Each structure stands twice: as C-alpha cells, then as structure tokens.
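Notes to accompany the following structure.
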Amino acid sequence: MNNTIKQLVGKLGPDVILTGADISGKYHADSSGETARPPVAVARPASTAQVSDILRICSAANQKVVVQGGLTGLCGGATPQEEEVALSLERLSGIEELDQASMTMTVLAGTPLQAIQDAADAAGFLFPLDLGARGSCNIGGNISTNAGGNEVIRFGMTRNLILGLEVVLADGTVINSLNKMLKNNAGYDLKHLFIGTEGTLGVVTRAVLRLFAKPEGRSTALVALDSFEDVVRFLHFMSREFSGSLSSFEVMWDSYYDYIIEHVPTVSSPFDERYPIYVLTEISDKSGNHILEDALAGELEQDRILDAVICKSEREREAIWAIRDGVGEAMAVIMDNANFDVSVPINAMADFLNQLESEIKALLPDTALLVFGHIGDSNLHLVFTVDRKEDKKTIYDVVYRQVGAYNGSISAEHGIGMMKRPYLHQSRSREELALMKVLKQAMDPNNILNPGRVLG
Ligand SMILES: Cc1cc2nc3c(=O)[nH]c(=O)nc-3n(C[C@H](O)[C@H](O)[C@H](O)COP(=O)(O)OP(=O)(O)OC[C@H]3O[C@@H](n4cnc5c(N)ncnc54)[C@H](O)[C@@H]3O)c2cc1C
C-alpha cells in the first residue's frame, strides 16, 4: 500500500477506502468492458466533505483518480487506468428535496436515474431523462456525460434539465452552485463546465433537476416506410402536426429490425410483412389515440407511409419498445462488434450511410451493419458485426473519418472517454482542442482527475 493510500485510509477509515481483496470486480471496468483492471484503491465517500478530503489528499500527492458513477458508460471513461484510485459515488445517493412550487428536485450524485424518475412520478411530475441503462446509471454520470436518450426531441439533453450543481474541484474546493431558478445570468453559468465534461474538470456531488408536468396521456405507433427520404418527410409531418407533444421519433433500418426480430427471442414484429425502414413514434397528449390514428390514416391514404400499428395498451407499447431496446440483447448474440454513437446532419445521413457501407464492404465483405437512431436529434447508432478482433481498428478509422468528412460528431451521446480520444480531432478544430486544454490545465493543473479521458 503506497503512502497516499495509507493517508486516505488513516483519514477516512477502511469502510470508505477499500483496498486489496476488498475491491470487487465491478470497479474494474465500465460497460464497454475494455481494458478492465483493478484500481489501487476504491474510495466510497458518503458526503461532499469526504469527497473533498479524498481529492485534497490525492491532489497534494499527485495521485491519479478515476470517477465512477453507475459504470454504464460505453467508452472506457470510468475504467481505471494504471495506478488510479477509483472514486465511486455509489454511497452518495438519495433525494434530498422535491420542491413542488419551484418544480425542482435536489439529489445526490450517486442516485440511480430510475429512483429519480419514480420519485418525480409519485409526486405527479415528470423527470424526462430516460435511457436503457436507467436502473443502473447515476444522475452524476448522466450529468457528466450530458446523456441523451429517448425524449431528447422534446426535452433536450441532460444539460437542459439541470438548474444547479454542487461540485468538488481536483484540489478539494467545494463549489456550491445549487441554483433553482430558470433565469440566472449573474456572471458565468459555471455548471456548464461540469456537464458533459466527463469528470475531467470536477466531481459532481449534488444537482438541482428540473421537473415537468406529467403528461396525461401517451400514444405510441410503429410505422413502416419505404425510404429514408420518406422518414425525413414523416418527421417534418409529425413535428408540424404535434408540435410540442412529439416525444419520440426512433428510426430502425431493416438491417437492424430484421436482426433483432430474428435473434432476440422475446420480441416479435407486429407486421406480417417486412419493410425497408421503420419509425417508432410517440406523442404525449391527453387526447388519446384518435388524433394519432387520424394523422396516420391520412398518411396511409396518400401512400406516404406503408403500414402502421398503434399501441392499445401499455403491454403493446412495451412490446414495440422492446424491438428498439433489443440492441442490448442482440449485442450478447453478436460474438464481437464495433458500435458507434455518431451524429450526422440529417440532410447528409443517406449519403453518409451509403458511403460507409460501400467502403466497409470493400474492405471487410463479411461484416454486417445494423443501423438505428434518434433521427430527430441527428443521432445514428451503428453496430458492425466483427469476425476478427483486429478488424475493429479498420472499422473505427473508416467510420470516424467519414463522420469528420460529413461534419458530424464522433459522439452524439456517450462521450469520448478513453476509447474515442484518438479521433476527437475529426469533430473538433485545433483551436477548440487548445481551449479545452487551457480549461483542463487551469482547473486541474496536476492532471489528477480522470487523466487521459477526452484529452490526451
Ligand atoms: C443499455 C445501455 C443503454 C444506454 N443508452 C444510452 C442512451 O440512450 N443515451 C446516452 O446518452 N447514453 C446511454 N448509455 C450510456 C450510459 O448509460 C450513459 O453515458 C450514462 O449517462 C452513464 O452514467 P453512469 O452513472 O453509468 O456513469 P459512469 O459510466 O460511471 O461514468 C461515465 C463518465 O462520467 C464520469 N462520472 C461519473 N459520475 C461522475 C460524477 N459524479 N462527477 C464527475 N464525473 C462523473 C466518469 O468518470 C466517466 O467518465 C447507455 C448504456 C447502456 C449500458
């Protein structure tokens, strides 16, 4: 045990600082599973003061620290690198206040997203951040990755849902910025330094979240279409028709849809036929299914869509969403895969996918590409099946180069972490990268906090 770890144990006790055999495998990697290794110690603070003590000691000793939330991240950001202490927020968990008048909730960073959704729901409100990892991810992780998810088209990314933060800086300084007001232009809005910066500039310990009125009704449909051009037209139609209440617009190409239907035993297609492309769309509106039914009937009559089913019960809705969320189970079936979460401007998406598919086919003819995404947010998820591990690098190089060529983003939602760092220049200019480094240097001069994540 090195001196810094001894000092940490001395100050905080063996209950907070785990070492040796007490460190279980769950702290070895995030959900990417890449480069798993045990940290030199795991710190599990139960208060902001303890987070501050830990960072003060580590900073003074130049001890590197990796911050861990729910470990559902997909790009290696929370995975320990050599000789790092893992700072887990798992015990800093709980809802501190639900302020009905201000429509806010104040929570500790380690609170699971689902617990927040449930508490908001029980009080008659909606906290609209929602993603497949809801049961395991923590709000601190969501904030640090500026998580997206299923309702971005209506409510925006996590950034739009945060009013205030409490953060501990690398040297242990506590910044209390627990603002509850929507309007506050008193100087720099410091919370944005910590939202989406993946734990490189500070550790989030508390947050004030925005709550919304709970929608009184919801209608969900699965729609089959002929082409991507039809999907874009249908998106504009839905946005016009249901402005303000369109809450989901998920697109699944036939490659993805057919794969999920064939390989995930718990899902089935509600259609008798297969089609080129599908949209799962949802509106939050109290008028019931009939306005969606009327709108889709009009589209069918004019041959702008090929087929549609509207869910008549929560069970039917869950069955439709299971097709969209089936990717988790499909990944377990695909022996190995290279997966991407990229953004490309909607007007360039069709060209981008054609270009990508033909380039990869020429290099790796046996590789299949499954495509789905939140198209209203310009976000595409790509999953390539990979036969040989060494082909992954070829796929990464081609995809990120093409994303750069189409002025897209190499990370729409999941962040950069360790795994995408070598490609960040495809989406960010030299000047932007230089400014990011200035911020990092100013706020963490010893580079102890999540070193090597996002920036080299
Ligand atoms: C099945 C599945 C579905 C997913 N769907 C989506 C989706 O739809 N949209 C989406 O955006 N993401 C999605 N993700 C990715 C992941 O769930 C999100 O990135 C999530 O926000 C990570 O939260 P976490 O608590 O697990 O963070 P972790 O994985 O523990 O950490 C993620 C990053 O944040 C840092 N961090 C964690 N907590 C803090 C803190 N308190 N202070 C400072 N830094 C911190 C870590 O160091 C790391 O760099 C999905 C993942 C899975 C496994």
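Numbering (the working numbering), first residue to last: 655 to 1110. For glycine and all other residues, C-beta sits at the position ideal for the given N, C-alpha and C. Everything numeric in this text was worked out from a predicted model, so none of it was measured.
Item                                                                                                         : Value
Completely contained alpha helix (DSSP H) runs for the region 944–988, where each covers 4 or more residues  : 944–955, 968–979 and 981–987
C-alpha gap between ASP1157 and VAL705, whole angstroms                                                      : Missing from the structure shown is residue 1157; the chain here goes from 655 to 1110 and no further.
PHE888 beta carbon less than 8 Å from that of VAL877                                                         : yes
VAL670, buried or exposed, once every other Cβ within 10 Å from all chains shown has been counted against 16 : buried
Beta-carbon spacing of THR760, VAL862 below 8 Å                                                              : yes
ARG1107 Cβ short of 7 Å to ligand 1 heavy atom set                                                           : yes
Complete alpha helix (DSSP H) runs within the region 1011–1078 (minimum length 4 residues, chain order)      : 1045–1059
Heavy atom of ligand 1 within 7 Å of ALA1008 beta-carbon                                                     : A quick correction: the sequence has Asn, not Ala, at residue 1008. For ligand 1, not one heavy atom lies less than 7 Å from the Cβ of ASN1008.
Own chain residues within Cβ distance below 6 Å of VAL1037, not counting five before or after                : ASN991, ASN993 and LEU1024
Near ligand 1: THR765 beta-carbon under 7 Å from a heavy atom                                                : no
Reference VAL998; option with closest CA among HIS1035, SER941 and ILE1014                                   : HIS1035
Under 8 Å between C-beta atoms of SER1063 and LYS1074                                                        : no
Backbone secondary structure at ALA824 - three-state DSSP                                                    : coil
Sheet register partners of GLY818 (DSSP bridge)                                                              : VAL862
Residues bridged to LEU900 [DSSP beta-bridge criterion]                                                      : ILE937
Distance between LEU950 and SER1111 (C-alpha atoms, nearest Å)                                               : Given that the chain is displayed from residue 655 to residue 1110, the structure contains no residue 1111 and the question cannot be resolved.
Assigned exposure category for THR920 - 16 Cβ within 10 Å defines buried                                     : exposed
Three-pair Cβ contact test at 8 Å for the region 815–831 versus the region 770–780                           : no
Contained alpha helix (DSSP H) runs [length at least 4] in the region 731–793, N- to C-terminal order        : 767–776
DSSP-derived helix/strand/coil call for VAL696                                                               : strand
One or two residues paired with ALA878 in a DSSP bridge                                                      : TYR932 and ASP961
Per-residue DSSP class, three states only, for ASP912                                                        : helix
MET1097 in three-state terms, based on DSSP                                                                  : helix
For VAL886, the nearest candidate out of PRO1019, ALA1004 and GLU688 (CA to CA)                              : ALA1004
Boundaries of the alpha helix (DSSP H) in which GLN661 is found, first to last residue                       : 657–666
Contact the region 1045–1052 vs the region 920–940: 3+ CB pairs below 8 Å                                    : no
Rounded straight-line distance, which links the Cα of ILE915 to that of SER922                               : 6 Å
Check whether CYS729 and GLY1106 have beta carbons under 8 Å apart                                           : no
Contact between the region 969–989 and the region 1003–1019 (3+ Cβ pairs under 8 Å)                          : no
Counted within 10 angstroms of its Cβ, other Cβ atoms place GLN1080 as buried (16 or more) or exposed        : buried
Straight-line gap, LEU783 to ALA840 (C-alpha atoms, nearest Å)                                               : 27 Å
Cβ-heavy atom distance, SER685 to ligand 1, below 7 Å                                                        : yes
Backbone secondary structure at ASN1104 - three-state DSSP                                                   : coil
Where MET811 falls: helix, strand or coil (DSSP)                                                             : coil
DSSP-derived helix/strand/coil call for ASP1005                                                              : helix
Cβ-based burial, ASP775 [other Cβ within 10 Å; buried from 16]                                               : exposed
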